[in-house]
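Q: Okay, here's the structure, questions in a sec.
Protein chains: 2
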Amino acid sequence: MEKIDKKLAILEAANKLFCEMGYEGTSTRQIAKESGANMAMINYYFGSKEGVFIEIMNERIENFSAHLKIINEDKITCLEKLHLVIEGYATRIFNNPSFHKMMHRELSLSQRPQIYDKIKDAMGHNMQMIENIISGGIDDGSFNKVDVRMLIGTIMGTITNVVSAPNKIMNTSNMDLDNPKDKKIIRERTITYLKDLTTVYLTTKK
Amino acid sequence: MEKIDKKLAILEAANKLFCEMGYEGTSTRQIAKESGANMAMINYYFGSKEGVFIEIMNERIENFSAHLKIINEDKITCLEKLHLVIEGYATRIFNNPSFHKMMHRELSLSQRPQIYDKIKDAMGHNMQMIENIISGGIDDGSFNKVDVRMLIGTIMGTITNVVSAPNKIMNTSNMDLDNPKDKKIIRERTITYLKDLTTVYLTTKK
DNA sequence: TAAAATTAATCAATCGTTTGATTAACTTCC
DNA sequence: GGAAGTTAATCAAACGATTGATTAATTTTA
C-alpha cells in the first residue's frame, strides 16, 4: 500500500474544485487528477460523487455551528454578545469565502435535497442563537423593539454581499480576498460597519 | 401549424430551466423539449447554449437598470429617494426571485467571464446611482456620515438573504414566494424594515 | 423558386459509475 | 516462524448514458 490518506486527499481536492467550479462543473476525473487518486477510489470511499459532496458539507457545517455556542454563556451585555457574534461570524466566512459562496449556491439551487436541508438546518440553528441574544436585549430593555429576524438577515446578508463582490464594496478593482492583507482590510471594515449599524439601530432612543 | 415564435419560446423555456436547475444542470435537450422546438434550433438562433444564456442575461439586466434612472430626478428629499429605491429594488427582485438567485449563482461561480462582467457592470451601475443619493444626503447635512457602500451592501444583501431563505426570516416552514399572497407579506415586511433601518441609521442625531 | 425555418439522425466528447485484476499488509494456523 | 488465507486499497479499462453541437434533408414561407 502506498498512502492511507488518499481519502483525505480526495476530500480536499473535491472541496477545492467544488468551491471553484461548482458541483455540476466538477467532474470525477478532475477530482481524481487533483487528488492523485484513481477515479474508482471516489466511489470506493464515498459511494458516489454526491457522497463526497455530502461528506464535505457535513464536516464544515458541524465545525461551523460549534463556534457560536460559547459566546452565549459569557457574562457580558447583550450588545457585547452580539458584537462578538458579528466578529466571529465575519471572521469565519472571510477565512473561507469560496466555501461560503458554494453553500449559498447550493441553497439557491435546491437541487440535492439532502444538502439543502442540511444547510438550512445549520443556518436555522445559528439564527436561533443570535435571535436569543437580540431578544434578550429587547426583553431587558437595553434594545429597541425591532424586527429581529430581519436584522439577523441584514447581518448575514451584508457579509455575504461583501464576500461575493468585495470590489463593489471597496470601490476598487484589485481587491482580492485571497490576499491576506486585502482580506483583513475588508473584514475589519465590514465588522466595524456592522457593529456601528447594530448599535445605532438597537440602542438609539427615539 | 402552430405559428408561435420558436425563438421566443426557446428563450422562455431556457430562462425557466436555468433559474430552476442552473446553467450546467440544464441540457439543450431539456430546453428543446420544454420549448417545443427542435434541438438544432437552439444553435440555429443563438449559436450555442451559452449564447442563449447570454441573451437572457443581457435582456434582463438592461430591463433592470432602466428602472432606477427615473427616481433620481424627482424633487423630493434624499430619504424619500432612498426609500423609493428600496421599494423599487425589492419589488423587482421579489417579482422574479429565481432569476435573482441565478444571477448571484453566476456571480459566485465566475465561470463564464462574459456573463460575470455583465452582471458586475450592471450591479456597479446600480450601486453608483444609490451611492449618489446617499452621498447627496450626507453632503446637504440630512444624513449622518456613514459607510455608504457598506450600507448599499446591507440593502442589497438583506433582500437577497430574504429571497434565498424566506422561511428562515419568517420563522415558518410554509412560506412560498411563488404564492402571491405570501410574496406580498414577505416583501412588505422587508420594505418596512429596510425603511426603518435606513431612517434610523442615517438620520439619528448622536 | 430562392431563402428561411425545421426536422431526424448523427457526431465526437465527456459524464458518473462499475468491473475484474493486482498489490501490499495483516491473520491464522500448523 | 513461515506458508496459506484474508483483507482493504489501488489500478487501468470499459460501461451505458448523456452532453453540446452539427449535418443533410425536408418543409414552410415569401
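Going down the list, the protein sequences come from chains Z and R.
Taken in order, the first sequence gives residues 1 to 206; the numbers are from this note's numbering.
Taken in order, the second sequence gives residues 1 to 206; the numbers are from this note's numbering.
Backbone N, C-alpha and C fix where the C-beta goes; we use that ideal spot for every residue, glycine too.
(1) Closer than 8 Å, CB to CB, is A14(Z) near chain R or not?
(2) Measure the Cβ-Cβ separation of A32(Z) and M39(Z) and say whether it is below 8 Å.
(3) Mind checking the stretch 158-179 of chain R against chain Z and listing, in chain order, the residues whose C-beta falls within less than 7 Å of any C-beta there?
(4) If we cut at 8 Å on Cβ distances, does Y201(R) have a partner in chain Z?
(5) Under 8 Å between C-beta atoms, does H104(Z) make it to chain R?
(6) Assuming I61(R) and A122(R) make a contact with CB atoms under 8 Å, what is their CB distance in whole Å?
(7) For Y116(R), report the span of its alpha helix (DSSP H) as first-last.
(8) Give me the chain R residues within the contact set of T204(Z), using Cβ-Cβ distance strictly less than 8 Å, ordered along the chain.
(9) Should E106(R) be labelled buried (16 or more other beta-carbon atoms within 10 Å of its own) or exposed?
(10) To be precise: take each residue of the stretch 139-151 of chain Z, compare its Cβ to all Cβ atoms of chain R, and keep it if any distance is under 7 Å. Which residues remain?
(11) Just the Cα atoms here: how many angstroms apart are L8(R) and E24(Z)?
(12) Hey, is G137(Z)'s beta-carbon within less than 8 Å of any beta-carbon in chain R?
(13) If you follow the alpha helix (DSSP H) that Y23(Z) is part of, which residue opens it and which one closes it?
(14) So, helix, strand or coil for L84(Z), using DSSP?
(15) Is the Cβ of Y218(Z) closer than 8 Å to any Cβ of chain R?
(16) What does a CB cutoff of less than 7 Å around L82(Z) pick up in its chain, not counting 5 residues either side in sequence?
(17) Ignore the nearest five residues each way along the sequence and tell me which others in G136(R)'s own chain have a CB closer than 7 Å to its CB.
(18) Going along the stretch 91-115 of chain R in order, which residues come within less than 7 Å of chain Z, judged by CB to CB distance?
(19) Leaving out five residues on either side along the sequence, give the residues of the same chain with a beta carbon under 7 Å from the beta carbon of F64(Z).
A: Reading off the structure:
(1) Chain R, which has no Cβ nearer than 8 Å to the Cβ of A14(Z), makes this no.
(2) Cβ atoms of A32(Z) and M39(Z): closer than 8 Å.
(3) Listed in sequence order: T158, T160, N161, V162, S164, A165, K168, I169, N171.
(4) Yes, because at least one Cβ of chain Z sits closer than 8 Å to the Cβ of Y201(R).
(5) Using a Cβ-Cβ cut-off of 8 Å, H104(Z) counts as an interface residue toward chain R, since at least one Cβ of chain R sits closer than that to its own.
(6) Taking C-beta atoms under 8 Å as the contact rule, I61(R) and A122(R) qualify, at a distance of about 4 Å.
(7) In the DSSP assignment, Y116(R) falls within the alpha helix (DSSP H) that extends over 113-139.
(8) Per Cβ cutoff of 8 Å: V200, T204.
(9) Classification of E106(R): buried, given that the 10 Å Cβ count is 16 or more.
(10) Residues passing the 7 Å Cβ filter: D147, R149, M150.
(11) When rounded, the distance between both Cα atoms is 27 Å.
(12) Taking Cβ atoms only, chain R never reaches closer than 8 Å to G137(Z), which makes this a no.
(13) First-last for Y23(Z): undefined, no H or E at that position.
(14) In the three-state DSSP reduction, L84(Z) falls in the helix class (H, G or I).
(15) The structure shown does not extend to residue 218(Z), since chain Z spans only 1 to 206, so no value can be given for it.
(16) The residues I133, I134, T198, in chain order, have a CB closer than 7 Å to that of L82(Z) in the same chain once the five nearest residues on each side in sequence are set aside.
(17) C78, listed in sequence order.
(18) Within the stretch 91-115 of chain R, the residues whose Cβ lies closer than 7 Å to some Cβ of chain Z are K101, H104, R105, L107, S108, L109, Q111, listed in chain order.
(19) For F64(Z), where only same-chain residues beyond five positions count, the Cβ hits under 7 Å are R92, A122.
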